[in-house]
Amino acid sequence: MKAAIIGLGRMGLRHVAVARELGLEVVGAADPRTDARTVAKAQFGLADETLFEDAEAMLARTRPDCVVVASTAPAHARLTCAAVEAGARMILCEKPMAVSLDDCNLMIDRCSDAGVRLAVNHQMRFMEQYTRPRDIVGTPAFGGLASMTVIAGNFGLAMNGSHYVEAFRFMTGEAPCRVAAWLSDEVVPNPRGAEFSDVGGCMRLTTPSGRRFYLEAGTEQGHGMMAVYAGRNGRLEVDELTGRMRLSTRAPQDRELPTTRYGTSPLVEESAIPPADALEPTRAVLQALLKGEDYPDGEVGRMAVRVLLAAMVSHEAGGREIDLDRETLPGSRMFSWA
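Counting along the sequence shown from 1, when you hit position 269 you're at 270 in this note's numbering, and nothing is skipped either side.
What follows is the structure, given as structure tokens:
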């Protein structure tokens with residue numbers, strides 16, 4: 002099967018590696034930057050005829066079966082549509098899926114009309130950092146998931162916060178229906194270029210069943226990534242950068258006591274899980290897309306962008322909670338996400 006990668010930055014190079022590991026023939030790799038193409042050629046031994054400055058010219062010449070869109074976000078919709086026009090049967094797009102809700106809709110519609118599989122690289126369903134916690138919180142000893150809280154450094158609402166929107170959906174099996182946000186006013190230079198910007202701050206999501214997600218990642222915070230899961234009988238803390246996990250639960254004889262009895266002597270278990278890694282989960286996403294089984298599709302990517310848009314609308318309204326089922330969001334509004 003022929004594959005092409007658009008964008009040869011850090012993630013794009015990972016996609017080249019993953020495509021080859023899965024046995025795909027990389028017939029094209031495109032990036033407008035000469036230095037990026039030079040690095041890709043040296044790292045993977047790519048032939049000159051497979052390297053392109055212009056992505057659409059590459060698609061027209063190579064006609065790949067599978068296309069990975071790993072450019073910066075403003076080009077995602079245009080390049081996804083171009084891949085469809087070039088006859089691609091499968092497309093994997095990096096996150097955030099697009100810079101507007103309308104662009105997400107366009108990508109989904111074009112792929113659906115052409116019978117093209119569209120995946121977005123939200124990897125949480127394939128990461129032990131989330132599969133193990135999901136198994137744990139579902140046990141009687143834990144008592145179900147009531148809330149998920151992420152405390153982190155300034156990692157950007159779109160760049161990394163979007164991943165946690167999907168993580169929360171994966172953990173609960175529900176898409177958020179209400180969003181509130183209080184974002185930082187400070188503008189931090191974006192390493193991808195002055196034309197790009199992201200924001201830090203606080204965000205609260207709620208599902209139809211009442212389960213809650215809290216993100217605390219302000220621009221004044223510069224260390225770590227910690228996820229805390231709380232339920233009726235337990236609390237699970239996961240340090241996502243070191244892989245340390247600490248589980249505290251009520252003893253069996255205390256599980257029927259009211260929640261006001263939160264000070265009972267706990268059972269504590271410490272263990273380790275693999276620290277955050279992008280390569281293995283990316284391989285799992287692409288493999289699932291190739292098989293057509295359980296991959297994060299365009300609906301997942303659009304859900305994350307919709308929540309980010311609602312967060313901005315909420316912030317601009319002083320933190321007013323946005324009801325996603327009742328309110329119409331400005332779908333044409335565009336953001337300068339990288």
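Don't be surprised by glycine CBs; every beta carbon is placed ideally from N, CA and C.
Round the Cβ separation of residue i and residue j to the nearest angstrom and send it over; I've been treating them as touching at under 8 Å.
| i | j | result |
| --- | --- | --- |
| R247 | P267 | 10 Å between Cβ atoms; not a contact. |
| A78 | M108 | 5 Å |
| L158 | G211 | Not confirmed; about 23 Å, so no contact. |
| R135 | M172 | 5 Å |
| A176 | S315 | With a Cβ gap of about 17 Å, A176 and S315 do not count as contacting. |
| T73 | C94 | At roughly 12 Å, the Cβ-Cβ gap does not stay under 8 Å, so T73 and C94 are not in contact. |
| I274 | E129 | 5 Å |
| A89 | D104 | At roughly 18 Å, the Cβ-Cβ gap does not stay under 8 Å, so A89 and D104 are not in contact. |
| I137 | A71 | Incorrect: roughly 33 Å between the Cβ atoms, too far for contact. |
| L23 | R284 | 7 Å |
For residue i, which three-state DSSP category applies?
| i | result |
| --- | --- |
| Y165 | helix |
| F171 | helix |
| F143 | coil |
| L330 | coil |
| V188 | coil |
| S113 | helix |
| D199 | coil |
| V344 | For residue 344 there is no data in the structure shown, the boundaries of the chain being 2 and 339. |
| K96 | coil |
| R90 | coil |
| R126 | helix |
| A78 | helix |
| R321 | coil |
| L9 | coil |
| T132 | helix |
| A182 | strand |
| R193 | coil |
Does the beta-carbon of residue i have 16 or more other beta-carbons within 10 angstroms, so that it is buried, or is it exposed?
| i | result |
| --- | --- |
| D32 | buried |
| Y263 | exposed |
| P190 | exposed |
| D326 | exposed |
| L291 | buried |
| R334 | exposed |
| R34 | exposed |
| P209 | exposed |
| R321 | exposed |
| A83 | buried |
| R11 | exposed |
| L258 | exposed |
| T207 | buried |
Looking at residue j and residue i, is the spacing between their C-beta atoms short of 8 Å?
| i | j | result |
| --- | --- | --- |
| L242 | G225 | yes |
| V166 | A305 | yes |
| A61 | L47 | no |
| C178 | D324 | yes |
| S337 | F197 | yes |
| M204 | G174 | no |
| T51 | K3 | no |
| D255 | T265 | yes |
| K96 | G332 | no |
| A20 | V28 | no |
| S148 | A231 | yes |
| A311 | V180 | yes |
| V286 | Q124 | yes |
| R236 | G144 | no |
Regarding residue i and the ligand NAD, is the C-beta to nearest heavy atom distance less than 7 Å?
| i | result |
| --- | --- |
| E322 | Ligands displayed in this structure: none; no statement on the ligand NAD is therefore possible. |
- Message: Quick check for students: name the residue ranges of the beta strand (DSSP E) that lie wholly in the region 211–282, counting only runs of 3 or more.
- Response: 213–218, 226–232, 235–240, 245–251 and 267–273
- Task: Quick one: which unbroken beta strand (DSSP E) runs of 3-plus residues sit fully inside the region 21–74? Chain order, please.
- Result: 26–31 and 67–70
- Item | 3-residue-minimum beta strand (DSSP E) runs that sit fully inside the region 290–318, ordered along the chain | none
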